[in-house]
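Colleague: Quick one: this structure, given as C-alpha cells, is what I'll be asking you about.
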Amino acid sequence: MADHLKTENELERDWANLNLDLLIIIFQKLDFEDLVIGVTLVCHSWFEGSKNPHCWQTLDLHNWSRIVRRFHPNENKDLHLELRPLIELAIRYSGGSIHSIIYPDLCVRESDFLLVAERCPNLKFFYLRLPHMISIPGFCAAISKWKDLEGMDVDKYALHDKILKQINKSCASFTHLRAYPKVYAANAYDIVRCLPKLKSLDLSQSLFSYDSLMYILRGCKELESLDISGCGSEIGDDDTDVHVAAAHLKIFRYDPGPFTYWFCPKCMDEDFFRYAF
Amino acid sequence: MSSTKIFLKSSDDKTFEIDETAARASETLKNIIDGGCLDGVIPLPNVSSNILPKVIEYCKKHGGDNGSSKKIANGGVDKDKEILPDYDEEEDKREKVRVDELKKWEEEYMDFDQQVLYDLMLAANYLHIKGLLDLTVEKAASMIRGRTPDQIRENFNINSDFTPEEEEEMILIEDEWDDEWAFD
Numbered sequence: 001m002a003d004h005l006k007t008e009n010e011l012e013r014d015w016a017n018l019n020l021d022l023l024i025i026i027f028q029k030l031d032f033e034d035l036v037i038g039v040t041l042v043c044h045s046w047f048e049g050s051k052n053p054h055c056w057q058t059l060d061l062h063n064w065s066r067i068v069r070r071f072h073p074n075e076n077k078d079l080h081l082e083l084r085p086l087i088e089l090a091i092r093y094s095g096g097s098i099h100s101i102i103y104p105d106l107c108v109r110e111s112d113f114l115l116v117a118e119r120c121p122n123l124k125f126f127y128l129r130l131p132h133m134i135s136i137p138g139f140c141a142a143i144s145k146w147k148d149l150e151g152m153d154v155d156k157y158a159l160h161d162k163i164l165k166q167i168n169k170s171c172a173s174f175t176h177l178r179a180y181p182k183v184y185a186a187n188a189y190d191i192v193r194c195l196p197k198l199k200s201l202d203l204s205q206s207l208f209s210y211d212s213l214m215y216i217l218r219g220c221k222e223l224e225s226l227d228i229s230g231c232g233s234e235i236g237d238d239d240t241d242v243h244v245a246a247a248h249l250k251i252f253r254y255d256p257g258p259f260t261y262w263f264c265p266k267c268m269d270e271d272f273f274r275y276a277f
Numbered sequence: 001m002s003s004t005k006i007f008l009k010s011s012d013d014k015t016f017e018i019d020e021t022a023a024r025a026s027e028t029l030k031n032i033i034d035g036g037c038l039d040g041v042i043p044l045p046n047v048s049s050n051i052l053p054k055v056i057e058y059c060k061k062h063g064g065d066n067g068s069s070k071k072i073a074n075g076g077v078d079k080d081k082e083i084l085p086d087y088d089e090e091e092d093k094r095e096k097v098r099v100d101e102l103k104k105w106e107e108e109y110m111d112f113d114q115q116v117l118y119d120l121m122l123a124a125n126y127l128h129i130k131g132l133l134d135l136t137v138e139k140a141a142s143m144i145r146g147r148t149p150d151q152i153r154e155n156f157n158i159n160s161d162f163t164p165e166e167e168e169e170m171i172l173i174e175d176e177w178d179d180e181w182a183f184d
C-alpha cells in the first residue's frame, strides 16, 4: 500500500506534464534566452508548452552580452550574435503576439525594426536607444502599423517632427513617452504639439528650460506623471507658478541632479513598468 | 481575539483545523465560507495531508493582513509628491521591521525540494492563494534561469523524451548558432 502510494505520488510530481496553465505561468517569468535554449530543449511537453504566445509577449534583449554568452557557453573569444535570427525566432514562437520589445543597445537596422512592425501588429511598447540606422520614413512606416502602440522609450532622434506626427495619426492609445538623452526645448514643443494626450512623460537627464516645462505642463492636460529629474532645473517647493501648473500630476519628479545613467530593464524596480506601460 | 475554526479534510481523509481569518487567504475557501455552504468540514480532494499543513502555515502567516501587504506593495510611490500629514517615523520603522521579518520567514518557508514545490504549487493553484502561487512559481522559474537543459532536467527530475535523432538535430541547431548566426 505504502509503495503504491509512493509511486502514485511520484507520478503526480511529473514536472514534464505539469498542468499547462501553471507551466505557462512559470514560463512567462523567464527571459527569452531561458526559453529558447533552456525550456524548449528539456522535453517534448515543455517544448509544446513553450509555444504558447503568452510566454513571448515581452521580448527583452537589453542584456545583450548575457544573451550572447548564453548562446555560446563554451567559448571565450570575442563573440558576436546576429540580432535578426533571434527576433525572427521570437516572432515565430509568439505567433506575432509580442506586446513589447526591448532592443539591445546596438545599432538596430531598419530591416530589424520593420520586421517587427510587419509581423507584430499588436505591439504596445518598444525600447530603442540606437535608432540611427533607421530612416525617418522607415520609422514612420513602422509606427503606422502599430495602431495599439501605447508607449516608447527612445533616443531623442525618434522625437523627429514627422515621427511624432505619425504617432498622432496612427496610435490613438499612445500615452507614455520616455526620451533620452538631452531632449531640448524644441523637442518639448513638438511633443506638446503632436502628443497633447500624453499621460506619462519622462525627460529625465535632459537640458530643460523653465519655459519649456511650463509649456508642457499647460499643453499636456492629461499628464499624470512627469519626470524631469536630473535636468538641472532649479524648481523649489515655493515655486508657485510651477506647482499650480503641475497640480494635476500624480507623480512629479524634478530633483535637479545628479546626472545618472538610467536603468537596466532587468534589475530595475517596478517603477519602470509604471512609467513605461 | 478568538476566531471561528474551520476544518479542512485532506485527500487522504485527515482533518486539519484553521482559523477562519487565516482560511480567507484562500479565495476558494473564502468563497465557500461566504457562500454559507459550510457544512462542518471542507473536503479538499486535491490536497494531501503531506502538504496541507504547509499550506495552512502560509495562510496563518498571511490571512487577515491583506490591507498592510498592499501598503508594502505601494511603498515608495509618489515619494516626491506625497504629503503625509500624520507621518509617523516610528510606524515607518515598525513597518520596515515587519517587511524584513516577513522576507526572512518566506526564505525559510520556501526552503524545500522540487517534490514539495510541485505539491505546494498545485495546492496554491487549486485553493487560489495568489501570494503562495507567486512564491512557488517564482521558485520554479529560478530553478530554470541561466541553466542548461540538462541542469533543468536534473532540477525537476525530468527525463528527456527526445529521440536520439531529435537530440542530434538540436545539436545541429546549436552548431548553426555558431556557423550562421555569428559573424566575425
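Going line by line, the protein sequences match chains H and P. Heads up: the first sequence begins at 1 in UniProt numbering, then just goes up one per residue. Heads up: the second sequence begins at 1 in UniProt numbering, then just goes up one per residue. All C-beta atoms in this analysis are idealised placements derived from N, C-alpha and C, irrespective of residue type, glycine included.
#1: Is it buried or exposed, H:F252, if we count other Cβ atoms within 10 angstroms and call 16 or more buried?
#2: Just to check my reading of the structure: P:E20 and P:I6 have Cβ atoms closer than 8 Å, yes? What is that Cβ distance to the nearest angstrom?
#3: So is H:R92 in contact with chain P if we call contact Cβ pairs under 8 Å?
#4: With respect to the alpha helix (DSSP H) encompassing P:K61, which residues constitute its N-terminal and C-terminal limits?
#5: Got a sec: which bits of the UniProt domain "F-box" (15–57) of chain H sit with their beta carbon under 7 Å from any beta carbon on chain P, in order along the chain?
#6: With three or more C-beta pairs closer than 8 Å as the rule, is the region 9–25 of chain P touching the region 88–103 of chain P?
#7: List the residues of chain H whose Cβ lies closer than 7 Å to the Cβ of P:E154, in chain order.
#8: Mind checking who H:A179 pairs with in its DSSP beta bridge?
#9: For P:R145 and H:L106, what's the separation of their Cα atoms in angstroms?
#10: Evaluate the contact criterion for the region 84–101 of chain H versus the region 111–119 of chain H: three or more CB pairs, one atom per stretch, below 8 Å.
#11: How about P:D161: is its C-beta nearer than 8 Å to some C-beta of chain H?
#12: Considering just the uninterrupted stretch of the beta strand (DSSP E) at P:P43, what are its terminal residues?
#13: Would H:L123 and H:D148 be called neighbours here (beta carbons separated by less than 8 Å)?
#14: Just checking: is the beta-carbon of H:R119 within a distance shorter than 8 Å of some beta-carbon in chain P?
#15: Strictly by DSSP, which residues pair up with P:L8?
#16: If you draw a straight line from the C-alpha of H:T240 to the C-alpha of H:A246, how long is it?
#17: Any beta carbon from chain H within less than 8 Å of P:P164's own beta carbon?
#18: I want to verify the contact list: residues of chain P whose CB lies under 8 Å from the CB of residue 290 of chain H, in sequence order.
#19: If we ignore side chains and look at the alpha-carbon of each, how far apart do H:L59 and P:D161 end up?
#20: What is the residue span of the alpha helix (DSSP H) that H:S100 lies within?
#21: Just the C-alpha distance for P:K139 and P:D111, rounded to the nearest angstrom, thanks.
#22: Run through DSSP, which three-state label would H:F174 get?
#23: Does the beta-carbon of P:N46 have 16 or more other beta-carbons within 10 angstroms, so that it is buried, or is it exposed?
#24: Inspect the beta-carbon positions of H:L35 and H:S50 and report whether they are closer than 8 Å.
#25: Since H:L81 and P:P149 are thought to touch, with beta carbons under 8 Å apart, how far apart are those beta carbons, to the nearest angstrom?
#26: List, in order along the chain, the chain H residues whose C-beta lies closer than 7 Å to that of P:A140?
Modeller: On the basis of the data shown:
#1: buried
#2: 5 Å
#3: no
#4: L52 to H62
#5: W15, A16, L22, I25, I26, K29, L30, D34, G38, V39, L41, V42, C43 and H44
#6: no
#7: Under the 7 Å cutoff, chain H gives no residues; its nearest Cβ is about 10 Å from P:E154.
#8: H:V154
#9: 24 Å
#10: yes
#11: yes
#12: V41 to P43
#13: yes
#14: no
#15: P:F16 and P:I42
#16: 10 Å
#17: no
#18: Absent from the model: residue 290 of chain H. The displayed extent of chain H is 1 to 277, so no value can be given.
#19: 28 Å
#20: First-last for H:S100: S100 to I102, but that is the beta strand (DSSP E), not the alpha helix (DSSP H).
#21: 10 Å
#22: coil
#23: exposed
#24: yes
#25: In fact, because the Cβ distance is near 19 Å, the residues do not count as touching under 8 Å.
#26: I26
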